[in-house]
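Here is the structure we will look at, set down as structure tokens.
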Amino acid sequence: MRTVKVPLGDRSYSIKIGNSLLSRLGSECRRLKLGTRCAVITDRKVGPIYSKAAMSSLREAGFEPVEIRVPAGETAKSLGTIHACYDKLARHRLERSSFIVALGGGVVGDMAGFLAASYLRGIGFVQVPTTLLAQVDSSVGGKVGVNLKAGKNLVGAFYQPRLVLCDLDTLKTLPKRELRAGLAEVIKYGIIDDATLFRRLERRLPALLKLDAGELAHVVARSCQIKAKVVEEDEREGGLRAILNYGHTIGHALEAISQYGKYLHGEAISIGQVAASKISRDQHGLGQAEVDRIEALFATAGLPTQVTLSKKETTKLLAAMKLDKKVSGGQVKFVLAKSIGRVEFGIEVPQATIKASLH
Ligand code: NAD
Ligand code: GLY
Numbered sequence: 017m018r019t020v021k022v023p024l025g026d027r028s029y030s031i032k033i034g035n036s037l038l039s040r041l042g043s044e045c046r047r048l049k050l051g052t053r054c055a056v057i058t059d060r061k062v063g064p065i066y067s068k069a070a071m072s073s074l075r076e077a078g079f080e081p082v083e084i085r086v087p088a089g090e091t092a093k094s095l096g097t098i099h100a101c102y103d104k105l106a107r108h109r110l111e112r113s114s115f116i117v118a119l120g121g122g123v124v125g126d127m128a129g130f131l132a133a134s135y136l137r138g139i140g141f142v143q144v145p146t147t148l149l150a151q152v153d154s155s156v157g158g159k160v161g162v163n164l165k166a167g168k169n170l171v172g173a174f175y176q177p178r179l180v181l182c183d184l185d186t187l188k189t190l191p192k193r194e195l196r197a198g199l200a201e202v203i204k205y206g207i208i209d210d211a212t213l214f215r216r217l218e219r220r221l222p223a224l225l226k227l228d229a230g231e232l233a234h235v236v237a238r239s240c241q242i243k244a245k246v247v248e249e250d251e252r253e254g255g256l257r258a259i260l261n262y263g264h265t266i267g268h269a270l271e272a273i274s275q276y277g278k279y280l281h282g283e284a285i286s287i288g289q290v291a292a293s294k295i296s297r298d299q300h301g302l303g304q305a306e307v308d309r310i311e312a313l314f315a316t317a318g319l320p321t322q323v324t325l326s327k328k329e330t331t332k333l334l335a336a337m338k339l340d341k342k343v344s345g346g347q348v349k350f351v352l353a354k355s356i357g358r359v360e361f362g363i364e365v366p367q368a369t370i371k372a373s374l375h
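Under the numbering used here, the sequence shown has 364 at position 348, and the numbering climbs by one with no breaks.
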């Protein structure tokens, strides 16, 4: 098992990464000195596969867990789901020392994290991420929340988990399209911070796609280390944390104009990262050879790298970028690469350059 620490003073925690970890959930929670009652929040796809193991491990360690299943998919990240869960927590008499276990992908983790942040003004919270995206990104760093009709993640909090337990075996049942989508975030870490990781992915991506245990453990741990380092320096996104959004400005807008139906998040940010690389070339000195390597790596991962947009769609996309919650004073700011492994944030880009990157 590998352990990555997220050092945040009295809110510090460990990310534990390895195989067969679900059976250790109970004993790992014991170390946290939490109360006896807890709720395992999961969804209707993950629950039937993994909640039995999670619940028995918790019971064997002396906890009294209740399981709450929510629908699978982005629609579960809503205030309606939160409301229904509050009632169930109250019925099970969860108290201040009780805790919530989020067993699932980023949807369950974000929603259950917000539930934990707000119920009784905050109870303990353990992340058990079961998608690659959740293991390398959403379960780490404390961004929790739900969507509104007006947009994604508009209600939320910064609320750190007490522990993140990444059982790599859970990825065996993950649909391949979801696995590839998670790889888009892994490649992102190479571009923003680690040229060695990027080179390793260029060589070892096929092994990763076949879920090679050693490769997977290395890549998940390295991704978590990079995210932990950024979060340690800038937990509340005053500055540096923006680099985690490389390729997300265009990616989020693409998700929004396609009503969150056409692309998975990882697919949209794959297109967004390739476009951001072209913008980086045009105004930030990234070499064409590096743009080509970036595009080739996303393609090898089986991710889309380009989008064909009509004039009307391009106008919609540019407008959607301005609605992103990270826009300040109406100004869209980009994260751009100087080279693979080195990026800068807060950069203004003319509309014509953005348009050119999409064609
Ligand atoms: P998801 O949670 O919807 O999971 C994808 C699908 O896979 C779902 O149908 C789920 O039921 C299923 N699934 C999950 N684990 C499985 C497994 N092991 N076997 C079989 N099926 C499994 O999607 P996601 O990609 O994990 O997360 C996306 C969400 O994460 C979005 O809401 C996004 O906003 C959020 N996110 C948050 C952060 C953050 O910092 N908090 C960062 C990135 C993304
Ligand atoms: N996924 C972006 C962040 O955690 O800041």
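Ideal Cβ placement from N, Cα and C applies to all residues, glycine included.
Note that the structure is predicted; figures quoted are calculated from it, not measured.
Per DSSP, the bridge partner or partners of residue i
i    : result
C240 : According to DSSP, C240 bridges with nothing at all.
R252 : BP columns for R252 are empty, so no partner.
I31  : V20 and V180
I363 : F350
A335 : Note: A335 sits in no beta bridge, so no partner.
V171 : V162
R193 : Answer by DSSP bridge pairing: none, since R193 is not bridged.
R358 : S355
Classification of residue i by the beta-carbon crowding that lies within 10 angstroms, buried from 16 upward
i    : result
V343 : exposed
P177 : buried
D308 : exposed
D26  : exposed
D103 : exposed
R109 : exposed
R193 : exposed
G167 : exposed
G78  : exposed
M337 : buried
R47  : exposed
T91  : exposed
G150 : Strictly speaking, residue 150 in this sequence is Ala, with Gly absent from that position. Burial call: buried.
K226 : exposed
E249 : exposed
S67  : buried
S43  : exposed
A284 : buried
S114 : buried
R297 : buried
E111 : exposed
L339 : exposed
Inter-residue CB distance, residue i and residue j (contact presumed, cutoff 8 Å)
i    : j    : result
G282 : R196 : 7 Å
G157 : K243 : 6 Å
A118 : I31  : Wrong, their Cβ atoms sit about 14 Å apart, outside the cutoff.
I295 : L352 : 6 Å
A133 : G140 : Incorrect: roughly 11 Å between the Cβ atoms, too far for contact.
G263 : A305 : G263 to A305, Cβ: 19 Å. No contact.
G198 : T147 : 6 Å
S373 : T321 : 12 Å between Cβ atoms; not a contact.
S94  : G125 : At roughly 15 Å, the Cβ-Cβ gap does not stay under 8 Å, so S94 and G125 are not in contact.
I208 : V359 : 5 Å
L217 : G206 : 6 Å
V365 : Q299 : 7 Å
L333 : A269 : 5 Å
N237 : I84  : Reading off the sequence, residue 237 comes out as Ala, not Asn. That pair is no contact at about 30 Å.
V142 : C240 : Contact flag wrong, Cβ pair sits at about 15 Å.
A128 : I116 : 5 Å
P81  : M71  : 5 Å
Where the beta strand (DSSP E) through residue i begins and ends
i    : result
V117 : F115 to G120
I57  : R53 to D59
R107 : No beta strand (DSSP E) contains R107, which is instead part of the alpha helix (DSSP H) from L95 to R107.
E80  : E80 to V86
A269 : That residue, A269, is in no beta strand (DSSP E); its alpha helix (DSSP H) goes H264 to I273.
Delimiting residues of the alpha helix (DSSP H) encompassing residue i
i    : result
V458 : Because the chain is modelled from 17 through 375, residue 458 falls outside the range shown and cannot be assessed.
V323 : From DSSP, V323 is part of no alpha helix (DSSP H); its letter is neither H nor E.
I65  : V62 to E76
P222 : A211 to L225
A309 : One detail in the question is off: residue 309 reads as Arg in this sequence, not Ala. Looking at the DSSP string, the run of the alpha helix (DSSP H) that includes R309 is Q304 to T316.
A292 : H281 to H300
G89  : Counting along the chain, G89 falls outside any alpha helix (DSSP H), and DSSP gives it neither H nor E.
E44  : L41 to R46
Contact with chain D by residue i, beta-carbon distance below 7 Å
i    : result
G362 : As a matter of chain content, chain D is missing from the structure shown, which is built from one protein chain.
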